[in-house]
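Under numbering that gives the first Met the number 0, the first residue of the sequence shown is numbered 0, with each subsequent residue one higher. The beta-carbon is built from N, C-alpha and C at its ideal position, and this holds for glycine as well. The next block holds one structure in the form of structure tokens; read it before the comments.
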Amino acid sequence: MFVPYAYDPRLILLALLSLASVCLYFVVNRGHARYYLETPLDRIIPFHPAFIVPYLSFLPLVPASLAVLYATPVAAKFYVALIIGSLSGSVVRFFIHAGMHQPRIRRRDAADWAVHWMYRHDARAHTFPSTHVLVTVVTCYFASAAFPVWAAVIWAYGSLIVLSTLMVKQHYLIDVFGGIAFAAAAIYLAQALVSVV
0 MFVPYAYDPR
10 LILLALLSLA
20 SVCLYFVVNR
30 GHARYYLETP
40 LDRIIPFHPA
50 FIVPYLSFLP
60 LVPASLAVLY
70 ATPVAAKFYV
80 ALIIGSLSGS
90 VVRFFIHAGM
100 HQPRIRRRDA
110 ADWAVHWMYR
120 HDARAHTFPS
130 THVLVTVVTC
140 YFASAAFPVW
150 AAVIWAYGSL
160 IVLSTLMVKQ
170 HYLIDVFGGI
180 AFAAAAIYLA
190 QALVSVV
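Listed below in structure tokens is the structure:
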């Protein structure tokens with residue numbers, strides 16, 4: 000079993016591999032969508048540009064969580080779960096090519112401009128399962144295990160990120176549920192694998 004030390008090369012390697020596996024999204028997210036997994040429920044979810052703030056806060060969350068959880072007993076399981084979840088999610092996204100219809104932005108305020116910028120830089124051709132949701136759920140699970148006093152705050156923030164994926168029209172409901180399912184499977188496998196190392 001891994002025990003975190005200040006310069007444990009195994010943990011450093013796992014941390015780097017987990018970061019690389021999450022960043023694989025940027026390699027896979029190219030091309031055009033073949034399918035749109037929209038449901039009637041997706042059509043009634045309102046569009047709120049202000050949710051771009053929690054949505055984009057996901058970007059610094061990833062490296063920050065890798066660093067903060069490094070010195071905790073859950074570090075190895077966290078990194079392994081990210082690797083499993085991100086790699087399996089990328090494989091599925093690569094083959095499914097599920098896309099997202101995005102609304103037109105009028106660009107009246109800073110939130111509108113931020114959403115417009117994001118739409119220009121994100122093809123939305125590989126949305127299932129949601130990387131935002133997958134990584135957020137894995138991170139919240141292990142962060143709340145490492146810092147149980149802050150569990151409610153951690154899950155509240157994570158829930159806001161998950162909700163933001165729907166409110167800024169970056170994902171359909173099935174993408175969110177897929178992200179949660181992939182995260183749960185990755186957590187389960189990581190717990191089993193690391194416990195026998």
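Specify the secondary structure class of residue i as computed by DSSP and reduced to three states.
| i | result |
| --- | --- |
| Phe181 | helix |
| Tyr171 | coil |
| Gly98 | strand |
| Val193 | helix |
| Val2 | Any reading at Val2 must be qualified, since the residue scores a pLDDT of 47, below 50, and its modelled position is unreliable; the value itself is stated next. Here Val2 sits in coil by DSSP. |
Going by C-alpha to C-alpha distance, which of the options sits closest to residue i?
| i | options | result |
| --- | --- | --- |
| Ala14 | Leu162, Ile83, Val148 | Ile83 |
| Thr126 | Leu12, Ile11, Tyr35 | Tyr35 |
| Asp174 | Leu23, Ser89, Ala74 | Ser89 |
| Ile51 | Val114, Thr138, Ala144, Phe77 | Val114 |
| Phe46 | Asp121, Gln101, Ala19 | Gln101 |
| Met166 | Trp154, Ile43, Ala124, Tyr140 | Ile43 |
| Val61 | Ala150, Thr135, Phe141, Val91 | Thr135 |
| Ala32 | Val152, His170, Arg103 | His170 |
| Arg103 | Asn28, Leu55, Pro48, Val137 | Pro48 |
| Gly177 | Val161, Val27, Ala144 | Val161 |
| Gly30 | Phe93, Pro53, Thr38, Phe77 | Phe93 |
| Met117 | Glu37, Leu18, Thr164, Pro39 | Thr164 |
| Lys168 | Tyr140, Ser194, Leu18, Arg123 | Arg123 |
| Leu206 | Asp7, Thr38, Phe77 | Nothing about residue 206 can be read from this structure; the chain reaches only from 0 to 196. |
| Val91 | Trp149, Phe141, Ala150, Val27 | Val27 |
| Ala185 | Val137, Ala109, Pro147, Leu16 | Val137 |
| Leu159 | Ala150, Pro53, Pro147 | Pro53 |
When we look at the beta-carbon of residue i and count the other beta-carbons within 10 Å, is it buried (16 or more) or exposed?
| i | result |
| --- | --- |
| Leu12 | exposed |
| Leu58 | exposed |
| Val152 | exposed |
| Arg119 | exposed |
| Val132 | buried |
| Ser194 | exposed |
| Pro128 | buried |
Report whether the distance from the Cβ of residue i to the nearest heavy atom of the ligand FMN is below 7 Å.
| i | result |
| --- | --- |
| Asp7 | The ligand FMN is not among the ligands present in this structure, which contains no ligands whatsoever. |
Starting from the C-beta of residue i, find all residues in its chain whose C-beta is less than 6 Å away, skip the five residues before and the five after it, and write them out in chain order.
| i | result |
| --- | --- |
| Asp41 | Tyr171, Leu172 |
| Thr71 | Ala145 |
| Tyr24 | Thr130 |
By Cβ distance below 7 Å, which residues in the same chain neighbour residue i in space, the five residues on each side in sequence not counted?
| i | result |
| --- | --- |
| Leu192 | Val79 |
| Asp111 | Pro48, Ile104, Arg105 |
| Pro3 | Because Pro3 sits at a pLDDT of 48, beneath the cut-off of 50, its placement in the model cannot be relied upon, and the following sentence gives the value as read from the coordinates. The answer, listed in chain order, is Leu10, Tyr69, Ala70, Thr71, Pro72, Ala74. |
| Arg107 | none |
| Gln190 | Lys76 |
| Ala150 | Ser143 |
Whose C-beta lies closer than 8 Å to the C-beta of residue i among residues of the same chain, with five residues either side of it excluded?
| i | result |
| --- | --- |
| Val21 | Val61, Leu81, Ser85, Thr130, Val134 |
| Leu55 | Ala113, Met117 |
| Trp154 | Cys139, Ser143 |
Is the CB of residue i under 8 Å away from at least one CB in chain D?
| i | result |
| --- | --- |
| Val26 | Included in the structure is just one protein chain, with no chain D present. |
At least 3 beta-carbon pairs within less than 8 Å: the region 67-84 vs the region 175-189: Yes: the two stretches touch, three or more of their Cβ pairs being nearer than 8 Å.
Touching or not, the region 64-71 and the region 94-102, by the rule of three or more beta carbon pairs under 8 Å? Output reads no: the region 94-102 does not touch the region 64-71.
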